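Each remark here refers to the structure printed beneath this line.
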Ligand SMILES: Cc1ncc(COP(=O)(O)O)c(C=O)c1O
């Protein structure tokens, strides 16, 4: 594939500036991508012409913001080939998404001595939430080491799974080496739920959660050229029914009385509070690629 570098550069306003007297060259997309004009314009449009809280008002602007917000859910569902839009839960990024699984799915289910299998390729966001469970609940972390060439054979992951393994938590692509992990082969080889950190892979390779057969798949918007503070996680309906709410607040409840709470249905049940209002710019970019 050949790239028209000048055309791509022209999409990114920041690349028109100079640093140290030279045109800016930015090679740190693994950490965070620069924002193309279409995304910056969508954020500006959202704040300058369409701003209101989503799911909170009966007026025109709130309905418009809600429609745009929910349309992104559909776009992300198609981006990940999810079967159902309500399997997409918005989060502030992959970190919050992975913590959601730790707090809302794993913490209430795992007992002392239960195991989580993870690899030494993981980002801290897919390590520290599991350490919390080790510290607080006596959950055992079982580490799979990559091969000397950096690869992580699925068989090696499957060998680490034992009768007490309750979760396999793996990156789909390493943020350090770029290694692509065959998470589909892992999911096909076990009945244990598989959580995938797709922060890097979702930028570089098509993702099909239906074909992968995994249970959780997290993405983060700022690496996909979207705004910081946007992200999502696909969680199968089956796993969602096993989850308790994570954060409590507005939008995630149907009714509250002095003595009772009735939660909203998923995905709103897992989306407490005012969400990032520019989430839709992620999809603005995807639709232009
Ligand atoms: C593989 C991987 N997982 C998770 C994260 C965390 O993403 P965020 O900081 O957007 O929550 C990153 C970010 O560097 C990453 O590269």
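Residue numbers (the numbering used here): 4 to 292.
The beta-carbon is built from N, C-alpha and C at its ideal position, and this holds for glycine as well.
From a predicted model like this one, the values you see are computed outputs, not experimental measurements.
Return yes when the C-beta of residue i is under 7 Å from any heavy atom of ligand 1, and no when it is not.
i: residue 128; result: yes
i: residue 37; result: no
i: residue 234; result: yes
i: residue 279; result: no
i: residue 181; result: no
i: residue 356; result: Residue numbering for the chain in the displayed model covers 4 to 292; residue 356 lies beyond these limits and cannot be assessed.
i: residue 34; result: yes
i: residue 178; result: yes
i: residue 229; result: no
i: residue 31; result: no
i: residue 202; result: yes
i: residue 174; result: yes
i: residue 223; result: yes
i: residue 153; result: no
i: residue 98; result: yes
What is the C-beta distance between residue i and residue j, in whole angstroms, given that I count them as a contact (C-beta under 8 Å)?
i: residue 46; j: residue 230; result: 6 Å
i: residue 186; j: residue 199; result: 5 Å
i: residue 278; j: residue 72; result: 7 Å
i: residue 222; j: residue 202; result: 6 Å
i: residue 107; j: residue 255; result: Going by Cβ atoms, the distance from residue 107 to residue 255 rounds to 11 Å, so no, they are not a contact pair.
i: residue 120; j: residue 147; result: 6 Å
i: residue 159; j: residue 35; result: Not really, about 31 Å apart at Cβ, beyond 8 Å.
i: residue 173; j: residue 122; result: 6 Å
i: residue 266; j: residue 39; result: Rounded, the Cβ-Cβ distance is 38 Å, inconsistent with contact.
i: residue 101; j: residue 74; result: So it is not a contact: roughly 25 Å between Cβ atoms.
i: residue 171; j: residue 197; result: 5 Å
i: residue 15; j: residue 37; result: 5 Å
Give every residue of the same chain whose Cβ lies closer than 7 Å to the Cβ of residue i, excluding the five residues on either side of it in the sequence, and list them in chain order.
i: residue 167; result: 116, 117, 118
i: residue 291; result: Here the model assigns residue 291 a pLDDT of 46, short of 50, so the residue's position is not dependable, and the following value carries that caveat. Same-chain partners within the cutoff: 41.
i: residue 316; result: The structure shown has nothing for residue 316, since the chain only spans 4 to 292.
i: residue 2; result: Outside the displayed span of the chain (4 to 292) sits residue 2, for which this structure offers no information.
i: residue 212; result: 83, 84, 85, 220, 237
i: residue 76; result: 88, 91
i: residue 94; result: 100, 103, 234, 235, 236
i: residue 359; result: This structure leaves residue 359 out entirely; the chain is present only between 4 and 292.
Any idea if residue i is buried or exposed, counting beta-carbon neighbours within 10 angstroms, 16 or more meaning buried?
i: residue 44; result: exposed
i: residue 218; result: buried
i: residue 244; result: exposed
i: residue 233; result: buried
i: residue 138; result: exposed
i: residue 98; result: buried
i: residue 288; result: Unreliable positioning characterises residue 288 in this predicted model, as indicated by a pLDDT of 49, which lies under 50. A coordinate reading is not provided.
i: residue 30; result: exposed
Within the same chain, show all residues whose beta-carbon is closer than 6 Å to that of residue i, passing over the 5 residues directly before and after it, in chain order.
i: residue 250; result: 275
i: residue 18; result: 12, 27
i: residue 9; result: none
i: residue 178; result: 33, 126, 203
Kindly list the residues whose CB is nearer than 8 Å to the CB of residue i, restricted to its own chain and excluding five residues on each side of it in sequence; keep chain order.
i: residue 136; result: 105, 109, 110, 113, 119, 142
i: residue 24; result: none
i: residue 214; result: 84, 187
i: residue 253; result: 59, 275, 276, 277
i: residue 151; result: none
i: residue 55; result: 62, 64, 65, 67, 68
i: residue 182; result: 124, 149, 153, 154, 155, 176
i: residue 21; result: 27
i: residue 134; result: 144
Taking only beta-carbon positions, decide if residue i is within less than 8 Å of chain D.
i: residue 167; result: Reference to chain D is not applicable here, since this structure consists of a single protein chain.
Point to revise | Length-filtered (4 minimum) alpha helix (DSSP H) runs lying within the segment 103-183 | key: Every alpha helix (DSSP H) of 4 residues or more that sits fully in the segment 103-183 is shown, in chain order, as 131-140, 157-163.
Point to revise | Complete alpha helix (DSSP H) runs within the segment 195-281 (minimum length 4 residues, chain order) | key: Restricted to the segment 195-281, the alpha helix (DSSP H) segments that are unbroken, complete and at least 4 residues in length are 204-207, 212-215, 240-243, listed in chain order.
Exercise for review: Identify every run of the alpha helix (DSSP H) within the segment 26-90, keeping only runs that are complete inside it and at least 4 residues long; order them along the chain.
Suggested key: List check, alpha helix (DSSP H) in window: 40-52, 63-82.
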